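First comes the structure, then the notes that go with it.
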Amino acid sequence: MKKKAAIVTIIISGIIIWVLTAFAVSMRQTQTLAYTDIVKEAGSNVTYVQRSKKPIYFLPVGKECEFSFSVTGPDEIKTKISISLGSPKAEPIFTTTVSNKDFSTGTLNVDDKEIYINCEYEYDGELSADKEYGVRYTIELNSGNYALYNGIMVAVAALCIIPLGISVSYLTSLNENNAKAYDERQMRMRGKAAMSTLIVVIISAMALGLMSMIYKGYPLNVYDSMMIVVFIGIATFAITADRYDAYMGLSKKRVPFAIAFSVIGLIDIIMFICNLKLILMVNGLTNIVSSLVQGICCLAIGIEMITKNIKDKKEALADEES
Amino acid sequence: MKNLKLKAARAALDLSQQDLADKVGVSRQTINAIEKGDYNPTIKLCLAICKVLGKTLDELFWEEEES
Numbered sequence: 001m002k003k004k005a006a007i008v009t010i011i012i013s014g015i016i017i018w019v020l021t022a023f024a025v026s027m028r029q030t031q032t033l034a035y036t037d038i039v040k041e042a043g044s045n046v047t048y049v050q051r052s053k054k055p056i057y058f059l060p061v062g063k064e065c066e067f068s069f070s071v072t073g074p075d076e077i078k079t080k081i082s083i084s085l086g087s088p089k090a091e092p093i094f095t096t097t098v099s100n101k102d103f104s105t106g107t108l109n110v111d112d113k114e115i116y117i118n119c120e121y122e123y124d125g126e127l128s129a130d131k132e133y134g135v136r137y138t139i140e141l142n143s144g145n146y147a148l149y150n151g152i153m154v155a156v157a158a159l160c161i162i163p164l165g166i167s168v169s170y171l172t173s174l175n176e177n178n179a180k181a182y183d184e185r186q187m188r189m190r191g192k193a194a195m196s197t198l199i200v201v202i203i204s205a206m207a208l209g210l211m212s213m214i215y216k217g218y219p220l221n222v223y224d225s226m227m228i229v230v231f232i233g234i235a236t237f238a239i240t241a242d243r244y245d246a247y248m249g250l251s252k253k254r255v256p257f258a259i260a261f262s263v264i265g266l267i268d269i270i271m272f273i274c275n276l277k278l279i280l281m282v283n284g285l286t287n288i289v290s291s292l293v294q295g296i297c298c299l300a301i302g303i304e305m306i307t308k309n310i311k312d313k314k315e316a317l318a319d320e321e322s
Numbered sequence: 323m324k325n326l327k328l329k330a331a332r333a334a335l336d337l338s339q340q341d342l343a344d345k346v347g348v349s350r351q352t353i354n355a356i357e358k359g360d361y362n363p364t365i366k367l368c369l370a371i372c373k374v375l376g377k378t379l380d381e382l383f384w385e386e387e388e389s
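Note that the protein sequences, when read in sequence, are chains A and B. First residue of the first sequence? That's 1 in this note's numbering, and the numbers climb one at a time after it. First residue of the second sequence? That's 323 in this note's numbering, and the numbers climb one at a time after it.
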C-alpha cells in the first residue's frame, strides 16, 4: 500500500512539474549566442587573433525567423555580417556592415534550411599597429519553432524524471528483511560503482575546466562540457556495476541492451566522422563533439555487456558441468 | 579463501549455483563470489544458505585454523 502511494505521488508530482515547467518556458522563443573576437591591424587587413574565421551555424528553425545583433567595439572596426542558407558559401540572403550598433534583420525567409552567419572585419580610419581590439557581438535568433522545441525537451525531461523517481523510490524501499529480490552483495557493489563514478566525474569536470582555462581555443560551451561529464559518468557506472555483477535486473536481458547501446554508439561515431569536415569549417557544432563522447560511451557499455555476457554464460556452464 | 564446504554441500544436493541462488533470493554471481572467497556474506545470507542446504553455520562457514 505504501509503495502504491509512493508511486502515485511520484507520478502526480512528475506531471505537475512537467506542466508548470512547460508553461514557464513555452514563451521562450529565442536562442542567444555571444562571441568576442580579438582583432588587430596587419597592413591593409584586419587579422583574427583569438578565433579562426569560421561561420556561425544554426540548425533549421522553420520558414521564417528574425535575428537581432548587438555589435560593440572600436568605431574604426567595421563588421560585415552576412547570412547564408544551406551552405556557408551560398549567396547571402542578408548583408550589412556595422560598427558599434544594435540592429535587427527583420523577418527573414529561411525556408527550413541551416543558417550560417559570417562576420568579417574591415577597418576604416587609423589604427595603431600592433594594438589589439576586442569586438563583441551578441546574436539573438527569434523563431516560433523554439517554443515547440523547448516544449518537446521539457516533455522528454519530465518523462525521464518519472521512471527515475519510481526507480529511486523502489530502490530506497528495498529492505533486506522483506524484499524478495534483495541481494546484499549487489547493493554493496552498486555503492562501490557509485563511488568510482563520483571520482571519475569530478576528475572529468576538473580536467575540462582546466582545459578551458589554459587552452584559448577551447571549443565547447558549458552545456556540451557538462553533457560530456554526464555521459562519462553514466558509462563509468554502467560498466563498473556490470563488471561487479551488480546490474539492475539486466542479467537476462543483456543482449538486447548490449545491441541497442552498440548501435547507438556506432551511429553517433559515424555521424561525427561524416560531420568532421563541417566541424572544422563552422562554429556552433560543438554539440557533435559531445555526441562523439556519447557514442564512445554507448559503444563501451555495449562491448562490456557483450563480453560480460559471454563470460557469464561460460561461468554458468562450467558450474553446471562440475 | 575458497569456500569448498559450501560447494560440496550444494553439489551433494545436486543444485547448481543458479538453483541455490533462486532459492536464497540472490544472484548466481553472489553464490559464485561466496564459493570463490571473493565476498564475505552477512549472517542473514549465511543463515538462508544453511536453511536451504540443511546444514549448520559451523558446517558451512566455520574456518578451520591452520596449524
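C-beta: ideal position from N, C-alpha, C; glycine also. Keep in mind the model is a prediction, meaning the values are calculated, not measured.
Residue i versus residue j: straight-line alpha-carbon distance, rounded
i: Gly376 of chain B; j: Tyr244 of chain A; result: 29 Å
i: Thr236 of chain A; j: Val200 of chain A; result: 8 Å
i: Glu66 of chain A; j: Ser143 of chain A; result: 7 Å
i: Gly62 of chain A; j: Asn109 of chain A; result: 9 Å
i: Lys80 of chain A; j: Pro92 of chain A; result: 12 Å
i: Tyr137 of chain A; j: Ala157 of chain A; result: 32 Å
i: Ile166 of chain A; j: Ile10 of chain A; result: 7 Å
i: Gln50 of chain A; j: Val289 of chain A; result: Annotation note: pLDDT 46 at Gln50 of chain A (below 50); position unreliable, coordinate value reported separately. For Gln50 of chain A and Val289 of chain A, the distance between alpha carbons rounds to 21 Å.
i: Arg329 of chain B; j: Ile371 of chain B; result: The question names Arg, but residue 329 of chain B is Lys in the sequence shown. Roughly 11 Å between the two C-alpha positions.
i: Gln186 of chain A; j: Ala318 of chain A; result: 22 Å
i: Tyr215 of chain A; j: Ser84 of chain A; result: 30 Å
i: Val229 of chain A; j: Ile267 of chain A; result: 20 Å
i: Pro60 of chain A; j: Phe69 of chain A; result: 19 Å
i: Tyr57 of chain A; j: Ala193 of chain A; result: 39 Å
i: Ala102 of chain A; j: Tyr116 of chain A; result: Residue identity check: residue 102 of chain A is Asp in the sequence provided, not Ala. One C-alpha to the other measures close to 19 Å.
i: Glu315 of chain A; j: Ser322 of chain A; result: 11 Å
i: Val346 of chain B; j: Val374 of chain B; result: 7 Å
i: Asn221 of chain A; j: Thr307 of chain A; result: 35 Å
i: Gly86 of chain A; j: Phe94 of chain A; result: 14 Å
i: Ala155 of chain A; j: Ile259 of chain A; result: 27 Å
i: Lys89 of chain A; j: Lys311 of chain A; result: 53 Å
i: Val293 of chain A; j: Ile152 of chain A; result: 24 Å
i: Thr96 of chain A; j: Leu299 of chain A; result: 46 Å
i: Gly209 of chain A; j: Met226 of chain A; result: 10 Å
i: Glu386 of chain B; j: Lys327 of chain B; result: 11 Å
i: Asp336 of chain B; j: Ala238 of chain A; result: 34 Å
i: Asp37 of chain A; j: Glu120 of chain A; result: 10 Å
Test: residue i CB closer than 8 Å to a CB of chain B
i: Asp245 of chain A; result: yes
i: Tyr57 of chain A; result: no
i: Ala316 of chain A; result: yes
i: Glu304 of chain A; result: no
i: Arg254 of chain A; result: no
i: Asp319 of chain A; result: yes
i: Tyr170 of chain A; result: no
i: Asp242 of chain A; result: no
i: Tyr218 of chain A; result: no
i: Arg136 of chain A; result: no
i: Gln186 of chain A; result: yes
i: Asp183 of chain A; result: yes
Test: residue i CB closer than 8 Å to a CB of chain A
i: Asn325 of chain B; result: no
i: Ala334 of chain B; result: no
i: Leu328 of chain B; result: no
i: Thr364 of chain B; result: yes
i: Val348 of chain B; result: yes
i: Leu379 of chain B; result: no
i: Ala355 of chain B; result: yes
i: Leu367 of chain B; result: yes
Close Cβ partners of residue i (< 6 Å) along its chain, the five nearest in sequence each way excluded
i: Tyr32 of chain A; result: Residue identity differs from the one stated: residue 32 of chain A is Thr in this sequence, not Tyr. Excluding positions up to five away in sequence, the list reads Glu140.
i: Asn118 of chain A; result: Pro55 and Ser82
i: Leu342 of chain B; result: Arg332 and Ile353
i: Ala6 of chain A; result: Ser169
i: Phe231 of chain A; result: Val293, Gln294 and Cys297
Residues near residue i in its chain [Cβ-Cβ closer than 8 Å; skip 5 each side]
i: Tyr323 of chain A; result: It is not possible to answer for residue 323 of chain A, since the shown part of chain A is limited to 1 through 322.
i: Cys368 of chain B; result: Leu379, Leu382 and Phe383
i: Thr240 of chain A; result: Lys192, Ala193, Ser196 and Thr197
i: Thr72 of chain A; result: Asn100, Val135, Arg136 and Tyr137
i: Phe261 of chain A; result: Cys298, Leu299, Ile301, Gly302 and Met305
Own chain, CB closer than 7 Å to residue i, minus 5 neighbours either side, in chain order
i: Arg350 of chain B; result: Gln339, Gln340 and Ala343
i: Gly233 of chain A; result: Thr197, Val200 and Val201
i: Gly359 of chain B; result: Met323, Lys324 and Asn325
* Can you check the region 42–102 of chain A for any beta strand (DSSP E) of at least 3 residues that lies completely inside it and give the ranges in chain order? => 45–48, 56–58, 64–72, 77–85 and 94–98
* Asked: How do the region 161–170 of chain A and the region 6–14 of chain A stand: do at least 3 beta-carbon pairs fall below 8 Å, yes or no?
  -> yes
* **contact_flag[the region 205–221 of chain A, the region 254–263 of chain A] where n(CB pairs < 8 Å) is 3 or more** => no
* **4-residue-minimum alpha helix (DSSP H) runs that sit fully inside the region 203–279 of chain A, ordered along the chain** => 222–243 and 254–274
* To do: For the region 334–367 of chain B, list the alpha helix (DSSP H) runs that are entirely contained and at least 4 residues long, ordered along the chain.
  => 339–346 and 350–358
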